[in-house]
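Here is the structure we will look at, set down as structure tokens.
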Amino acid sequence: MNEILPVRRGAWLRFLFPMMTLVLAVVLGGCEKAPSGPVYRIGYMNCNSEAETMHRFLPLTRYLEKELGVRFEAIPVDTQDFVERYEQGEFDFTHTNAILYVILKEEQNLELLATEKRGQYGSRTAGALVVRRDSDIQTLEDVRGKRLIFGPQLALQGYAAQYDLLLKAGIDPELDLAYYAIPHGSFKHEKVIYGAWFGAYDVAAAPVLDLEVMIAEGKIEADDFRVLAQSEVMPYCTFGAAPRVDPKLVDRFRQALLKLKPEDTVEMDGERIKVLNAALIDGFEQLLDSDYDINRDLLRRVNMPPYQEF
Amino acid sequence: MRWDWHDRLHLLGLVVVVAAMAWLLLAGAPGDSGARQASGIERAMERELAYQARAAFLQQIYGPVEELRRQGQAQQALLMLEQLNRNYAGEAHGYILKGLILHEQGVLEEAVASFVQGLRLNGDYVDQRSPLSERARIQNAVDEGLTTLGARARANPDNLSVAAALRNVYYLQSRLAGGCE
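Sequence order for the protein chains is A and B.
With the first sequence counted from 1, adding 4 to any position gets you our numbering.
With the second sequence counted from 1, adding 4 to any position gets you our numbering.
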């Protein structure tokens, strides 16, 4: 009996050990691996507000971590502070409007990754000058001496495009309007549109995308406004990478954006979230830097950064 | 073999059912080829009526968009389409109209993508005989796409987005040639 017992005990262990190893492997395999290594920082330009920016882009950031196996930190950034903070080396990747992309490309050699697609013009949109349907203003010439509300100054399709439309029509916004204003705080583009809708201003400088979104959401009707003039369509919000980032990681980042589908999800706070849906984006497109030349020409015409001359 | 009362009951039921089916077949079918032809014409008329009703309905719903487009107010027309999408999202006619307007505005890639979405839902828009046909305009977009997007794809062979846009052009080309899904 004493001679047999140790043999039995060994056989039991030889069975238990591989079984436990198998169970552990299955359990660990079922878990999503937390990425390790250095933290890359993505600066997201605030579109409407800091809260909205994080709500939109945290799921996308988690998706990128999952796809690339590296750690990312999402940082909401005020539009006016973006260039300065980028210059200080705060961000490895950027998500900005098309003016900031051009500035950072020209001055810091930012690499173009992908452009977001949203609305009827895909990766592009236009700037429009609109008036209420019942307005007396019929042509751009009628805008002289009227009250106009622009979007934020660094908005290509909410400020620069409309400024350019006025200049082309022979109207100097600095001299020929009764006055113009720029709204404060968050959701500036909506404030611009409501500013004209409620009659506080005669003319609104609205990005076409914001008109589309507000109509789709039922906030306004298509025939509440008349479009007086509209710019060409130009590239919109853009992802970029700092030149110091490993080119292989940059390429994988781009591929991860381009392959994103509406059904792709991430787990966040116990919820499964659709990444594109949360980001309010239809997808991403790989534009060429030369596609932004139309933006550059416009910025030169209106004497804005990075081509501003005094 | 003997038949008990239970077997007989089943047999009787079977006979009744077969007789009833035979009667239905004889009474329900048209009596001669003339009646069959009349029934065929009726069905064709019903189809035609449904088609005309659909065309009239689309004209009524999308008429304001067409009108704005005719007046050259392309952006206003697109915004009106956006509003109609609240109630008729996924309607092929909306996609085709959007494609036409975008193409007139020179936004080729999005125009082609919109035509593709429309044609996947309804092939009538490339059918020459259909009153809804936009075959010629879609052909124009394809011709332009093959030239401009083809050149862009050759110059940027690694660009996935340009390749996807060109695939859309090829899809339209195949539908114009009579290819099916």
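The C-beta atom is built at its ideal place from N, Cα and C for all residues, glycine as well.
Being a predicted model, the structure only gives us computed values, none of them experimental.
### Message
Can you list, in chain order, the residues of its chain with a C-beta nearer than 7 Å to that of Gly154 of chain B? Leave out the 5 residues immediately preceding and following it.
### Response
Leu170
### Task
Out of A:Arg305, A:Arg304, A:Glu216 and A:Ile298, point me to the one whose CA is closest to Leu284 of chain A's CA.
A:Glu216
#### Entry: Runs of alpha helix (DSSP H) lying entirely within the stretch 119-200 of chain A, each at least 4 residues, in chain order
165-172
### Near-chain B residues of the stretch 266-295 of chain A - C-beta to any C-beta below 7 Å
Glu289, Gln290 and Leu292
#### Entry: Thr4 of chain B, buried or exposed, once every other Cβ within 10 Å from all chains shown has been counted against 16
Beyond the ends of chain B as shown, which are 5 and 185, falls residue 4 of chain B; an answer cannot be given.
### Message
Please determine whether the Cβ atom of Thr119 of chain A lies at a distance below 7 Å from any heavy atom of the ligand PLP.
### Response
Because no ligand of any kind appears in the structure shown, any question about the ligand PLP cannot be addressed here.
### Message
Please report whether the beta-carbon of Val31 of chain A lies at a distance below 8 Å from any beta-carbon of chain B.
### Response
Residue confidence for Val31 of chain A is low, a pLDDT of 47 falling below 50, so the modelled location carries little weight and cannot support an answer.
### Beta-carbon proximity check, Met272 of chain A vs Pro39 of chain A, cutoff 8 Å
no
### Task
Closer than 8 Å, Cβ to Cβ, to anything on chain A: give me those residues from the stretch 89-106 of chain B, in chain order.
Asn89, Arg90, Lys102 and Leu106
### Query
In chain order, what residues of the same chain have a beta carbon less than 7 Å from the beta carbon of Tyr78 of chain B, not counting five sequence neighbours either side?
It should be pointed out that residue 78 of chain B corresponds to Ala in this sequence rather than to Tyr. Closer than 7 Å at the Cβ level, and outside the excluded window around Ala78 of chain B, lie Ile105, Glu108 and Gln109.
### Task
Using alpha carbons as the reference points, say which of A:Arg300, A:Leu253 and A:Ala182 lies closest to Glu236 of chain A.
A:Arg300
### Spatial distance of Arg179 of chain B from Gly44 of chain B (CA atoms)
30 Å
### Task
Would you verify that the beta carbon of Glu132 of chain A is, or is not, closer than 8 Å to some beta carbon of chain B?
Residue identity differs from the one stated: residue 132 of chain A is Ala in this sequence, not Glu. Yes, Ala132 of chain A counts as interfacial toward chain B.
#### Entry: Neighbourhood of Tyr167 of chain A by C-beta, 7 Å cutoff - its chain only, sequence neighbours within 5 removed
Pro177 and Val306
### Message
Quick check on DSSP: helix, strand or coil for Ala159 of chain B?
### Response
helix
### Query
Taking contact to mean at least 3 C-beta pairs separated by less than 8 Å, is the stretch 115-128 of chain A in contact with the stretch 179-194 of chain A?
no
### Secondary structure of Pro309 of chain A, DSSP reduced to three states
coil
### Task
Would you kindly report the start and end of the unbroken beta strand (DSSP E) that includes Gln356 of chain A?
The structure shown does not extend to residue 356 of chain A, since chain A spans only 5 to 314, so no value can be given for it.
### Message
I'd like the list of long-range same chain contacts for Glu245 of chain A, defined as Cβ closer than 6 Å, with 5 residues on each side in sequence excluded.
### Response
Contrary to the premise, residue 245 of chain A reads as Ala rather than Glu in this sequence. So the list reads Phe97, Glu115, Leu117 and Val254, once near-sequence residues are dropped.
### Query
Is the beta carbon of Glu113 of chain B less than 8 Å from the beta carbon of Gly126 of chain A?
yes
### Task
Measure how close the beta-carbons of Val106 of chain A and Asp206 of chain A come, nearest whole angstrom, since I'm counting them as under 8 Å.
In fact, because the Cβ distance is near 31 Å, the residues do not count as touching under 8 Å.
### Unbroken alpha helix (DSSP H) run spanning Pro80 of chain A, endpoints
Pro80 of chain A -> not in any alpha helix (DSSP H); beta strand (DSSP E) instead, spanning Arg75 to Val81.
#### Entry: Limits of the beta strand (DSSP E) - the one that Glu289 of chain A falls within
Gly287 to Glu289
### Query
Is it buried or exposed for Thr143 of chain A, if we count other Cβ within 10 angstroms and need 16 for buried?
exposed
### Task
Report the option in A:Arg151, A:Trp201 and A:Pro239 whose CA atom is closest to the CA atom of Gln315 of chain A.
The structure shown does not extend to residue 315 of chain A, since chain A is modelled only from 5 through 314, so no value can be given for it.
### Message
Under 8 Å, Cβ to Cβ, is there at least one residue of chain B near Tyr125 of chain A?
### Response
yes
### Task
Could you name the residues of chain B that Ile298 of chain A contacts, counting a contact when the two beta carbons are closer than 9 Å?
Chain B residues near Ile298 of chain A: none, gap ~12 Å exceeds 9 Å.
### Message
Restricting to Cα atoms, I'd like to know which of A:Glu69, A:Glu71, A:Thr100 and A:Val74 is closest to Pro80 of chain A.
### Response
A:Thr100
### Query
Quick one: does Asn3 of chain B have its CB under 8 Å from some CB of chain A?
Since the displayed chain B opens at 5 and closes at 185, residue 3 of chain B lies outside it and no answer follows.
### Message
For a contact defined as C-beta to C-beta under 8 Å, what are the partners of Leu64 of chain A on chain B?
### Response
Near Leu64 of chain A there are no residues of chain B at all, since even the closest Cβ is about 18 Å away, more than 8 Å.
### Task
Output yes or no for whether 8 Å exceeds the beta carbon distance between Tyr67 of chain A and Val249 of chain A.
no
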